[in-house]
Each structure stands twice: as structure tokens, then as C-alpha cells.
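Right, one structure below, let's go through it.
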Amino acid sequence: MPDQTFTVADYLLTRLKQLNVTEVFQIPGDYVKHFTQTLEHFPGVNAIGCANELDAGYAADAYGRTRGLAAISLQYGVSTYSALNAIAGAYVERSPIVVISATPGSDARNITNMYGVLYHHSTGNIQADEEIFKHVTVGAITLSTSVAAAEQIDNLIIQALTHQRPVYIACYKEVWAEICPQPSATPLKALVIKSEPLALQNALTQAWLQITSAKKPLIFAGVEVLRHGLAPLLQQIIDASGFLYTTTTLGKTVLDEGGDKFIGTYADAASIDSVVKTVAESDCFLTLGTIMTDDYLFFIENQYPNVVLANTEQVRVGYYLYEGVTMADFMEGLLHLFKTSKPGKTIPAYPLKEKAIPQPVYPEPWLSNSDKQWVHDESVITYNRFFQHMMKFLTDNKLLSEIVMTYGVSCSLYVATNTYGLKQNSFISSAAWQCIGYETGAAMGAQMGSGKQAWTVAGDGAFMMICQSLSTLARNKLNAVIFVMSNQVYAIEQVYVDISSFNPGPENVFDTFDILPKWDYMALAKAFNADGHRVKTIDELNNLLKTLAHTVDKPTLVEVVIPQKDLPDQMYRLGTMP
Ligand SMILES: Cc1ncc(C[n+]2csc(CCOP(=O)(O)OP(=O)(O)O)c2C)c(N)n1
Ligand SMILES: [Mg+2]
21 MPDQTFTVAD YLLTRLKQLN VTEVFQIPGD YVKHFTQTLE HFPGVNAIGC ANELDAGYAA
81 DAYGRTRGLA AISLQYGVST YSALNAIAGA YVERSPIVVI SATPGSDARN ITNMYGVLYH
141 HSTGNIQADE EIFKHVTVGA ITLSTSVAAA EQIDNLIIQA LTHQRPVYIA CYKEVWAEIC
201 PQPSATPLKA LVIKSEPLAL QNALTQAWLQ ITSAKKPLIF AGVEVLRHGL APLLQQIIDA
261 SGFLYTTTTL GKTVLDEGGD KFIGTYADAA SIDSVVKTVA ESDCFLTLGT IMTDDYLFFI
321 ENQYPNVVLA NTEQVRVGYY LYEGVTMADF MEGLLHLFKT SKPGKTIPAY PLKEKAIPQP
381 VYPEPWLSNS DKQWVHDESV ITYNRFFQHM MKFLTDNKLL SEIVMTYGVS CSLYVATNTY
441 GLKQNSFISS AAWQCIGYET GAAMGAQMGS GKQAWTVAGD GAFMMICQSL STLARNKLNA
501 VIFVMSNQVY AIEQVYVDIS SFNPGPENVF DTFDILPKWD YMALAKAFNA DGHRVKTIDE
561 LNNLLKTLAH TVDKPTLVEV VIPQKDLPDQ MYRLGTMP
């Protein structure tokens with residue numbers, strides 16, 4: 021006889037726990053109450069009550085990126101729609117999240133059919149939730165019964181693991197509490213998709229031709245390599261080929277940053293000079309697991325025929341596309357070729373001996389990228405000086421292995437692409453979806469998922485969108501550090517609206533829509549039960565940095581006061597590109 025107390029909710033939670041999901045981010049609601057109640061008492065999985073759905077969603081995204089799988093439980097309609105932006109970001113940037121919800125139950129549906137009642141949180145189309153989430157997930161289902169719930173749940177989790185992207189599961193309200201058989205003790209696994217042998221062979225032959233005839237090949241690695249567990253294979257390819265490599269901003273920290281093959285992160289014109297030079301001189305780009313966003317139009321516009329691209333969506337060699345070839349098989353095939361090829365007339369001797377141009381010596385690249393308007397006042401904090409001192413502190417104190425950084429989109433993100441020496445998977449950013457506020461919400465998930473202290477660098481405009489996350493950090497006694505770059509403007513927006521506003525003089529003003537209200541951050545930190553600090557000078561910043569790594573049980577909010585018109589050179593270059 022089946023266990024009368026083991027429910028569909030227990031089934032899902034058991035499957036999640038088997039995959040090391042020990043936290044579920046949640047906002048309660050009546051439709052989803054059976055799941056929430058089960059979660060509340062489920063041994064080994066903690067319910068993390070969040071301030072709002074974006075707080076929960078960004079946290080789940082960062083947790084998925086660091087833990088390998090995440091889960092978020094939401095009320096129907098009002099709640100799922102509020103989380104939509106975060107789940108879309110996870111979909112675009114590859115973070116596996118199980119989105120859990122519940123719809124009006126059978127009784128409600130009958131009443132609606134008979135009497136035309138509009139149930140709360142419904143738009144009138146009761147399927148709308150699932151339909152909307154189909155666009156930002158790799159599987160979206162609504163279970164009307166517990167029959168076959170186990171198989172359906174398994175299938176969905178397998179999809180999330182296989183594609184490293186979100187899935188959505190809603191049940192009719194009562195179904196989460198219906199009985200269900202127990203799952204097997206074996207954790208679910210991603211499907212291994214195999215390539216069409218002939219297509220793989222063709223792709224490799226064409227790629228090999230292109231690779232071996234290149235004089236200056238470069239590996240351009242992206243986030244999918246990390247998400248799909250292919251980082252060791254990437255390292256082997258680097259070792260066997262001897263190629264130099266770079267990463268996208270989203271793919272930053274796909275491997276530990278260092279060694280004589282890593283040239284630094286490529287962020288188009290924001291990159292350091294030596295990275296731009298190496299990329300510009302390369303004549304073949306072995307692009308692995310990279311999502312080609314509009315930050316990389318350079319490749320599309322100038323280098324399309326020289327790109328060998330393998331990601332989860334396509335394998336392409338120059339203009340040739342290969343259907344039915346997987347990134348993993350393609351990488352394995354290349355590794356084999358590098359390892360077994362004999363040097364000859366047309367085949368270079370691998371591994372190549374090339375070495376990356378050494379990284380700029382401290383205080384570069386920060387010194388020369390810092391806005392010249394403050395060159396005569398060394399006490400003023402600028403974006404670049406902030407990174408200069410923060411990175412020195414972290415490096416000197418060997419703290420880079422203890423922290424995980426989170427970034428949304430802001431001037432800071434582009435300056436941060438110049439950092440070097442970070443550890444694998446310690447740079448969590450919204451570099452492709454480009455969402456502001458992500459960084460602050462992501463802090464909790466990044467810290468819980470990785471077990472490392474979150475160091476978050478937020479724009480003030482971004483922080484204002486989601487400052488309540490600070491309260492969730494405090495409630496969970498997490499010692500994350502949130503730096504808010506306080507310039508009281510949407511600086512990055514102004515760069516693209518009219519960059520001349522940054523020029524000195526009262527005649528150059530920002531557009532009104534880029535001006536932010538003045539906040540009392542210290543009062544806000546107090547209200548949210550966090551530590552609060554305001555730093556206005558480099559000395560104040562350095563004194564504070566020393567204390568931050570030792571904080572326990574409480575988040576710290578740091579208002580970093582920077583001039584409104586501070587324009588980092590990285591942003592100047594991006595904003596004035598032809
Ligand atoms: C959720 C969201 N809303 C709006 C935008 C458009 N946007 C992009 S950057 C930006 C301003 C960011 O300003 P701030 O956080 O203060 O950073 P700063 O550049 O000043 O350092 C805005 C509004 C966005 N990317 N994401
Ligand atoms: Mg700002």
C-alpha cells in the first residue's frame with residue numbers, strides 16, 4: 021500500500037534535495053499553500069522567505085549558477101508575473117531553476133465554468149501563466165492530477181539539468197497535497213545527447229582546416245562551458261593546443277584566471293589594451309560555449325568567416341552550419357585532434373608556445389582608465405580607483421578564493437571586466453540580459469549557493485530597485501557586502517544618451533530622467549538591520565575594506581560616494597565607438 025502521507029510536494033522536494041538543492045526561495049500564497057506547508061517542514065530543505073519576487077528570482081538564479089540547480093516557489097499570477105524578469109534572465113544566461121507554483125484548483129475551475137466567476141490573480145485565461153512561462157523555460161507544465169506526477173516532475177528536472185535553463189511546474193491547488201509514490205534513491209541526471217557521427221566528422225574536418233591554417237588562433241570561451249561541466253575539457257584543449265584564450269563578460273571565470281595563456285576578459289572597447297590587441301590580431305576564433313550578444317558585434321561584423329563556434333544552440337565553422345553536433349562532442353573531437361596530430365607542412369606543432377601579453381602592472385589598468393578630471397585630487401573615489409583599491413585588498417589578503425562577486429549592468433560591470441586573478445565561477449553577472457538590480461538580489465543566492473561571501477557592486481539606480489534584498493540578507497544572517505556606487509545618476513544610461521554631459525562645467529547637465537533621488541543609506545541600513553558605512557575618500561575606503569572580510573552574521577551596505585560626472589575610460593571608449 022502506498023505511503024498515505026507522501027505527497028506530490030514531497031516528491032518534488034525529495035528530488036530537489038537529492039540534487040543538493042537545500043534552499044527554496046519563496047513567497048507564499050493561497051493557491052500554492054500545500055507546497056509551502058510541506059516545504060516548511062521538509063527535513064534538509066530550508067524555505068527562504070524573500071522580500072519580493074525579484075529578490076527571490078535573482079537569488080534563485082545566482083543559486084542555480086553556483087549550486088547547479090535552484091528552486092523558487094511562487095503564488096499564481098501576481099507572484100509568477102512579478103518574477104518573470106528574473107526567470108527570463110536565467111533563461112538567457114543559463115541558470116537551471118525549478119519554478120514552482122499552483123493554479124486555481126478543480127473546484128474553482130468548475131465554478132468559473134458554471135458561473136463565470138473571475139478567480140483572484142487570474143487574467144481570465146487560467147492557462148496564461150503556463151503559456152507565458154513557456155517562453156522563458158525549457159519546459160512548462162500544469163498538473164491537473166497526481167496521476168503520472170512523478171514521471172512529469174522527473175522529466176522536467178531532467179530538462180532543466182540538460183539545458184541548464186529554467187523549467188516551470190504548476191499544479192492545480194489540491195494536487196500538491198495528493199499522494200504520490202516515492203522516487204528512487206538515484207538522483208536525476210542530465211541527458212547525454214550524442215552527435216550524428218557523420219555531421220560531427222564533417223564539422224571537425226572543416227574546423228580543423230580552419231584552425232590549422234590560422235597563424236594566430238584564439239579561444240573565446242563562454243558561460244556554457246562552465247554550466248555544462250566542460251571546464252576541465254576546455255582546460256585540456258588549451259593545454260593540448262597551446263592557444264591563448266579569452267572569455268566573454270558572462271563567461272568570465274569559466275576557469276581560474278591566471279597562467280600564461282589567459283589574456284584577460286574581452287569586453288569589446290572596455291577591455292584592456294593588450295586584450296584588444298590580441299583579439300584584433302587573431303585570425304581564427306575557437307568560440308566555445310559563448311553566447312554571442314551585441315557586446316560582440318565586432319565578431320559578427322569583422323570576423324564572421326574566421327569564427328569556429330560551438331555552443332548548445334549551434335555548431336558553425338565560418339559560413340557552414342552543422343546540425344546534430346553537440347558542443348561536448350565537438351570539444352572532445354578537437355581535443356583528440358590536437359593530441360594526436362603530427363606536425364607537418366600544413367599542421368603546426370601543437371601545443372603552440374605562444375604566451376599572453378602580461379597583465380598591466382598595478383596600479384594599472386585602473387590608473388590610466390580613471391577619469392582625468394580627478395587626477396589632481398587623489399582622495400576622490402572614482403569607479404577605477406574603487407576597483408584599484410578593492411582588487412589590491414582582495415589580492416594582497418588572498419581573499420579572491422573566499423568571495424563571489426555579483427554584478428548587474430552599470431558602469432561598474434564594464435570596469436570590472438578589467439579585473440584579473442578571480443577564481444572559477446566567482447563572477448556572477450547579468451552581462452547578457454543586462455538587468456539592473458540583479459546584483460543585489462543575486463548576492464543571497466550566490467552566497468548560499470557557493471558558501472562564499474558575496475561582494476556585490478551595485479549602481480545606486482540599480483540598488484534603488486531592489487534594496488529590500490538587504491533585509492532578506494539580514495534576516496538570513498548573511499555577511500554579504502553590498503557596495504553602492506553612489507553618483508546619484510543613471511550614469512551608464514547618460515553615456516548612451518549624451519556623453520558630452522560628463523564634460524566639466526555647469527552648462528553640461530544630465531537629462532532629468534537620469535537623475536536619482538538622494539537617499540540616506542545609513543538610515544536604510546539601520547532600518548533593514550544591516551551594518552552601514554559611507555566612504556567618501558580613498559583612505560576611508562581602505563580602512564573599511566580591512567574590516568569587511570571579518571564581518572559575521574550581518575550584511576554590510578557601503579555607500580561609495582563618487583562624483584556624478586566620473587566617466588571611466590572603459591565607458592568612454594564604449595560610448596564613443598563608431
Ligand atoms: C530592470 C531594468 N530596468 C531598466 C534598465 C535600463 N537601464 C540600463 S542601465 C540603467 C541605469 C543604471 O544606473 P546605476 O545603477 O545608477 O549605475 P551607474 O551606471 O550609475 O553606475 C538603466 C535604467 C535595465 N537595464 N534593467
Ligand atoms: Mg548611478
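Take the sequence shown: its letter number 95 is residue 115 in my numbering, and every next letter is one higher.
Don't be surprised by glycine CBs; every beta carbon is placed ideally from N, CA and C.
Every value quoted in this text rests on a predicted model; they were computed, and no experiment measured them.
In this structure, GLY479 has its beta carbon less than 6 Å from a heavy atom of ligand 2.
Within the same chain, PHE530, ASP534, ILE535, LEU536, GLN584 come within 7 Å of VAL509 by CB-CB distance, once the 5 residues on both sides are set aside.
With fewer than 16 other CB atoms across the displayed protein chains lying within 10 angstroms of its CB, HIS356 is exposed. For PRO237, the pairing in a beta bridge is given by DSSP as CYS304.
For VAL187, the uninterrupted beta strand (DSSP E) segment begins and ends at 187-192. Here DSSP, grouped into helix, strand and coil, assigns ARG247 to helix.
With 16 or more other Cβ atoms inside 10 Å of its own Cβ, PRO385 counts as buried. The straight-line gap separating the alpha-carbon atoms of ASP586 and ARG593 is approximately 14 Å. Under the 8 Å Cβ criterion, the region 95-107 counts as touching the region 117-129, having at least three qualifying pairs. Closer than 6 Å to some heavy atom of ligand 1: that describes the Cβ of TYR510.
Exclusion of the five residues before and after TYR96 leaves GLY49, TYR51, VAL52, SER121, ALA122, THR123, PRO124, HIS141, SER142, ASP149, ALA190 as the residues of its chain whose Cβ lies within less than 8 Å of its Cβ. Spanning the alpha carbons of GLY525 and ASP540 requires a straight line of approximately 27 Å.
Of the heavy atoms belonging to ligand 2, at least one sits nearer than 6 Å to the Cβ of ASN507. Of the residues assessed, SER215 falls on the buried side of the cut-off, its CB having 16 or more other CB atoms within 10 angstroms. As computed with DSSP, ALA67 is found in a beta bridge with VAL44.
Relative to the non-hydrogen atoms of ligand 1, the Cβ of SER430 comes within a distance shorter than 6 Å of at least one. Partner residues in the beta bridge of HIS553, as assigned by DSSP, are VAL578. Contact annotation: SER399 and ILE161 have beta-carbon atoms that are not nearer than 7 Å. If you draw a straight line from the Cα of ILE231 to the Cα of TYR370, it comes to about 11 Å. When rounded, the separation of the alpha-carbon atoms in MET425 and GLY471 is 12 Å. Per the coordinates, the alpha-carbon of LYS154 lies some 13 Å from the alpha-carbon of VAL112. Taking the CA atoms as reference points, ASP30 sits about 45 Å from VAL580. Here the alpha carbon of THR27 sits roughly 52 Å from the alpha carbon of ALA290. Taking C-beta atoms as the reference points, SER294 and ILE239 fail to come closer than 7 Å. For LEU372, the closest of ARG85, THR402, LYS236 by C-alpha to C-alpha distance is LYS236.
Around the beta carbon of ASN130, a 10 Å sphere encloses fewer than 16 other beta carbons of the protein chains shown; the residue is thus reported as exposed. Counting only runs of at least 4 residues, the region 502-578 fully encloses the following alpha helix (DSSP H) elements, listed from N- to C-terminal order: 511-517, 541-547, 558-568.
Here ILE486 is near GLY457, since their CB atoms are less than 7 Å apart. LEU498 is not a Cβ neighbour of GLN454, given a cutoff of 7 Å. Relative to GLU343, the option among GLU560, LEU218, TYR83 whose CA is nearest is LEU218. Rounded to whole angstroms, the separation of the alpha carbons of ASN66 and THR42 is 6 Å. Around the C-beta of LEU317, fewer than 16 other C-beta atoms lie within 10 Å, and the residue is accordingly described as exposed. Using a Cβ distance threshold of 7 Å, ASN326 and ASP349 do not count as a contacting pair. For a cut-off of 8 Å, the C-beta gap from MET347 to THR332 is around 6 Å, short enough to register as a contact. With 16 or more other Cβ atoms inside 10 Å of its own Cβ, VAL555 counts as buried. Less than 7 Å separates the beta-carbon of LEU561 from that of ILE401.
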